Amino acid sequence: MPRVSRVRAIPPIRAWYPTLGVSVRRLLASSVLAVAVLALGAGPAWAGDARYLGSAAGQPLNARVVGVAATRTGQGYWLVGRDGGVWAFGDATFHGSTGATPLNQPIAGMAPTPTGHGYWLVAADGGIFAFGDATFHGSTGATPLNQPIAGMAPTPTGHGYWLVAADGGIFAFGDATFHGSTGATPLNQPIVGMAPPPTGHGYWLVAADGGIFAFGDAAFHGSTGATPLNQPIVGMAATPTGHGYWLVAADGGIFAFGDAAFHGSTGDTALNQPVVGMAATPTGGGYWLATGDGGVLAPEVGGSWRATPSAGGTGSVGPSNPAALVRSGPLTITTPGAVVEDVDVAGPIYVRASNVTIRNFRATNVVQEGGGGMVLEDGEIHGNNDPDFRADGIVWADYTLRRVNVHHVHDGLKGHGDVLVEDSWIHDLNRFTGAGSGAGGYSHNDCLQVSSGSNITVRRSRLERCGYNGAIFVDPDQGPINNVLVEDSYLQGSNFSFWAIPSANNVPWGPPTGVVVRRTVFGGATPGQAYFGNAWINSPGYVWHDNRDPAGNPVSPYKIGP
């Protein structure tokens, strides 16, 4: 039977960092204003090839995440926690962890082997833990340190590694060669990370204020100048050529130097927890950022930050643990505050109570019939994969959707107020023609239809192949509408991908207000459907900011006003 328990609310955590001081050293340039993202060197590239493959966000963590590392293929990555717990996504394989091992000091970082078949973990005291084909070459676990270890980097051969301490002290093991350090140099801010060029004959160190120290054949390509920083730098990554590097701040601001291209940032996006590190793809065409709660952010076209969902496969939206699903008949929930998990429902789920949470699930559709505060996480709404299924996917209001795959239904979502959609995929709706299908003899499908209510938010989600009408249709046909936010998402619809207009039914509620669309990619027409343009907006005071087409070109609303 499915597991049902009481809801336990976990409030979001937000981080604040004081402004850091200005350095006068040539290489230890001060910090960067991460809210105003800079793209230096190669300039902007709007099609990052880092794919979202899953995250540990929303899972109970024993310790916060401290680092991320990518596989050599660029089709996977690992996350590591302070306790040495390891999460593997995509083609990254789990080879072991210290999650159940008592540690003298917390884990400070990880590095993969060149083969991708193993990794090292390094603790703050320099203790090394080797897994898979990673070989132990030495450590500072028994050596007194002036400052704790802040990170590590492997040599190109995989037969050695460097450790770097917060004072810039360098410890070289195996075939790693010492090229210099800042261990005896006064620093304005501590060292937070390092990266080697592909030759293995040098390395860069980065400080919390964005200062860069270059040693060996690692060339200095610039730092972040003398601009005050809202949040500190937390990591760096080198380009495959070794002729550039990226820096990342705790708010996800990205700073690109040399031949490093800017693929997007979260410098002006609210995060539940700060960014703790980054990893670049092998091509240099993208990068991932990891947050302390195990979230993974991957930029794509338009600089948008969102999941790139797919059907099946590690990290795709949908059930987080399909093997745990228990088959059941249609389900009705009447207990306020219930948590329902691990269900594969042969039919709909009816929610007749408030504050119900449903996670790791499948169902044909979900109908909210009483109360509010419903939360749906890590699930699939599939309409029996039946092209003749005619119910809507999720209705009606006051719910949250996270990492849910919705398809083969009539309208994907009815969102009549207090609706939050995050990291989800709504797509491939069922289209009907003939008597009873709708006005004009055909169904007017929308991935999200808003007919009344306030406070509707869609972020980091894909709404595509949405049928005969739009990806998001905002029309106050049943009541006034206020505060609609769409950000960091992908929209592809018919007629218009995004609508925000007064109702055509001569109702008294006027146009929607408080409409904001930003950092979103408009994908054009649904194949085989009529398409007039990306957006029709008739809403006073609307905001349209940094929206683009798939090639990265800025787009404006196709139609404004009546």
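So the mapping is simple: the numbering used here equals the position in the sequence shown, first residue as 1, plus 2. For each residue, glycine too, the CB sits at the ideal point set by N, CA and C. Model, not experiment: these values are computed from the prediction.
Quiz item: When we look at the beta-carbon of I562 and count the other beta-carbons within 10 Å, is it buried (16 or more) or exposed?
Solution: Translated into the one-based positions of the sequence shown, residue 562 becomes position 560. The residue in question, I562, is exposed, as its Cβ has fewer than 16 Cβ neighbours within 10 Å.
Exercise. Enumerate in chain order the residues of its own chain whose CB-to-CB distance from I396 is below 6 Å, with the five nearest sequence positions on each side excluded.
Key: Working through the sequence shown from its first residue, we reach residue 396 at position 394. Hits under 6 Å: V368, L415.
Quiz prompt | C-alpha gap between T285 and L487, whole angstroms | solution = Here residue 285 is taken as the residue at index 283 of the sequence shown, counted from 1. Here residue 487 is taken as the residue at index 485 of the sequence shown, counted from 1. T285 and L487 have their C-alpha atoms some 34 Å from each other.
Quiz item: Shortest alpha-carbon distance to W571 belongs to which of F391, A262, L123, H161?
Solution: Because the chain spans 3 through 564 in this model, residue 571 falls outside it and cannot be assessed.
Quiz item: Apart from the five residues on each side of it in sequence, which residues of its chain come closer than 6 Å, Cβ to Cβ, to I351?
Solution: Here the question's residue 351 lines up with position 349 in the sequence shown. Around I351, the same chain offers L333, A365, V368 as residues with beta carbons nearer than 6 Å, after the five sequence neighbours per side are excluded.
Practice problem: Look at the alpha carbon of N407 and the alpha carbon of S322, and state the distance between them as a whole number of angstroms. | Solution: Here residue 407 refers to the residue found at position 405 when the sequence shown is read from its first residue. Here residue 322 refers to the residue found at position 320 when the sequence shown is read from its first residue. Computed Cα separation, rounded: 11 Å.
Quiz item: Do D211 and Q191 have their CB atoms nearer than 8 Å?
Solution: Position 209 of the sequence shown, counted from the first residue, corresponds to residue 211. Position 189 of the sequence shown, counted from the first residue, corresponds to residue 191. Cβ atoms of D211 and Q191: closer than 8 Å.
Self-check item: D380 burial status per 10 Å Cβ neighbour count (16 or more: buried)
Solution: The count along the sequence shown starts at 1 and reaches residue 380 at position 378. When all chains shown are included, D380 counts as buried.
Practice problem: Quick one: grab the DSSP three-state call for A282. | Solution: Counting from 1 along the sequence shown, the entry for residue 282 is found at position 280. Note: A282 maps to strand in three-state DSSP.
Self-check item: 7 Å Cβ shell around V281 - same chain, five flanking residues per side excluded
Solution: For this step, residue 281 is matched to residue 279 along the sequence shown. The residue asked about is misnamed: residue 281 is Ala in this sequence, not Val. If we look at A281 and ignore the five residues flanking it on each side, its Cβ neighbours are V70, A71, A72, Y79, A239, Y289, W290.
Quiz prompt | Whole-angstrom C-beta distance between E489 and R461, which should lie under 8 Å | solution = In the sequence shown, residue 461 corresponds to position 459, counting from 1. In the sequence shown, residue 489 corresponds to position 487, counting from 1. Between R461 and E489 the beta-carbon gap is near 5 Å, inside 8 Å, which marks them as a contact.
Quiz item: What residue from H161, N485, G469, T337 has the CA that sits closest to Y533's CA?
Solution: For the purposes of this step, residue 533 is taken as the residue at position 531 of the sequence shown. Of H161, N485, G469, T337, the residue nearest in Cα terms is G469.
Quiz item: Exposed or buried, what is Q451 when buried is set at 16 or more other beta-carbons lying within 10 Å of its beta-carbon?
Solution: As a position in the sequence shown, residue 451 is number 449, starting the count at 1. Counting other Cβ atoms within 10 Å of its Cβ, Q451 reaches 16 or more and is therefore classed as buried.
Practice problem: Could you tell me which of R405, A110, T75, Q61 sits nearest to V82, measuring between CA atoms? | Solution: For the purposes of this step, residue 82 is identified with residue 80 of the sequence shown, where counting begins at 1. Out of R405, A110, T75, Q61, A110 has the C-alpha closest to the C-alpha of V82.
Quiz prompt | Sub-8 Å separation of L63 and G296 beta-carbons | solution = As a position in the sequence shown, residue 63 is number 61, starting the count at 1. As a position in the sequence shown, residue 296 is number 294, starting the count at 1. Note that the C-beta distance between L63 and G296 is below 8 Å.
Quiz prompt | Limits of the beta strand (DSSP E) - the one that H127 falls within | solution = Taking the first residue of the sequence shown as position 1, residue 127 is located at position 125. The sequence given here has Asp at residue 127, not His. That residue, D127, is in no beta strand (DSSP E); it is neither H nor E in DSSP.
Quiz item: Which class does I562 belong to by DSSP, given the choice of helix, strand or coil?
Solution: Locating residue 562 in the sequence shown gives position 560, counting from the first residue. DSSP places I562 in the strand class (E or B) of the three-state scheme.
Quiz item: Per DSSP, what kind of secondary structure is G304 in: helix, strand or coil?
Solution: Position 302 of the sequence shown, counted from the start, is the residue given in the question as residue 304. In this prediction, G304 has a pLDDT of 37, which is less than 50 and means its spatial position is unreliable; what the coordinates show is noted afterwards. Per DSSP, reduced to three states, the secondary structure at G304 is helical.
Quiz item: The beta strand (DSSP E) with I483 in it runs from where to where?
Solution: Against the sequence shown, residue 483 aligns to sequence position 481. First-last of the beta strand (DSSP E) with I483: 483 to 489.
Quiz item: Which of the three DSSP states, helix, strand or coil, is assigned to N387?
Solution: Indexing the sequence shown from 1 puts residue 387 at position 385. Under the three-state reduction of DSSP output, N387 falls in the helix class.
Quiz item: Looking at the structure shown, is A326 part of a helix, part of a strand, or coil, going by DSSP?
Solution: Start at 1 with the first residue of the sequence shown, and residue 326 comes out as number 324. Looking at A326 - three-state DSSP - the assignment turns out to be helix.
Practice problem: Helix, strand or coil for I503, going by three-state DSSP, please let me know. | Solution: Looking up residue 503 in the sequence shown gives position 501. Judged by DSSP in its simplified three-state form, I503 adopts coil rather than helix or strand.
Quiz item: For R461, which of helix, strand or coil comes out of DSSP?
Solution: Against the sequence shown, residue 461 aligns to sequence position 459. In the three-state reduction of the DSSP assignment, R461 falls in the strand class, which pools E and B.
Quiz item: What separation, rounded to the nearest whole angstrom, lies between the Cα atoms of W546 and R520?
Solution: The residue labelled residue 546 in the question sits at position 544 within the sequence shown. The residue labelled residue 520 in the question sits at position 518 within the sequence shown. When the Cα atoms are used, W546 and R520 turn out to be separated by approximately 6 Å.
Quiz item: Where Y544 and P514 are concerned, what is the direct C-alpha to C-alpha distance, given to the nearest angstrom?
Solution: Working through the sequence shown from its first residue, we reach residue 544 at position 542. Working through the sequence shown from its first residue, we reach residue 514 at position 512. Whole-angstrom Cα-Cα distance: 9 Å.
Quiz item: Q451 by DSSP, collapsed to three states: which one?
Solution: For this step, residue 451 is matched to residue 449 along the sequence shown. Here Q451 sits in strand by DSSP.
Self-check item: Endpoints, beta strand (DSSP E) assigned at T334
Solution: Counted from its first residue, the sequence shown places residue 334 at position 332. If you look at T334, you'll find it in the beta strand (DSSP E) that goes 333 to 335.
Quiz item: My guess is that H119 and G134 are in contact by the Cβ rule of under 8 Å, so how many angstroms apart are they, rounded?
Solution: Position 117 of the sequence shown holds residue 119. Position 132 of the sequence shown holds residue 134. Contact between H119 and G134 holds, since their C-beta atoms are separated by about 5 Å, short of 8 Å.
Quiz item: Any idea what DSSP makes of Y121, helix, strand or coil?
Solution: Position 119 of the sequence shown, counted from the start, is the residue given in the question as residue 121. Here Y121 carries a strand assignment [DSSP, helix/strand/coil].
Quiz prompt | Unbroken beta strand (DSSP E) run spanning V236, endpoints | solution = As a first step, residue 236 is located in the sequence shown; it is residue number 234 there, counting from the start. Residues 235 to 240.
Exercise. Go through its chain and collect everything with a Cβ distance to H223's Cβ below 6 Å, but skip five positions before and after it.
Key: The sequence position of residue 223 within the sequence shown is 221, counting from 1. Around H223: G246, F259, G260.
Practice problem: Flag this pair as yes or no: are the beta carbons of A144 and P198 separated by less than 8 Å? | Solution: Your numbering for residue 144 matches position 142 in the sequence shown. Your numbering for residue 198 matches position 196 in the sequence shown. With respect to the 8 Å criterion, A144 and P198 are not classified as neighbours on the basis of their beta carbons.
Quiz item: If you follow the beta strand (DSSP E) that W290 is part of, which residue opens it and which one closes it?
Solution: Counting from one through the sequence shown, the residue named residue 290 turns up at place 288. From DSSP, the beta strand (DSSP E) with W290 extends over 289 to 293.
Quiz item: Any idea if V328 is buried or exposed, counting beta-carbon neighbours within 10 angstroms, 16 or more meaning buried?
Solution: In the sequence shown, residue 328 corresponds to position 326, counting from 1. So V328 ends up on the exposed side.
Quiz item: Can S356 and G331 be called in contact, C-beta distance under 8 Å?
Solution: One-based indexing of the sequence shown puts residue 356 at position 354. One-based indexing of the sequence shown puts residue 331 at position 329. The Cβ atoms of S356 and G331 lie no closer than 8 Å to each other.
Practice problem: Mark P200 as exposed unless 16 or more other C-beta atoms lie within 10 angstroms of its C-beta, in which case mark it buried. | Solution: Counting from 1 along the sequence shown, the entry for residue 200 is found at position 198. By the Cβ neighbour-count rule, P200 is exposed, with fewer than 16 other Cβ atoms within 10 Å of its own.
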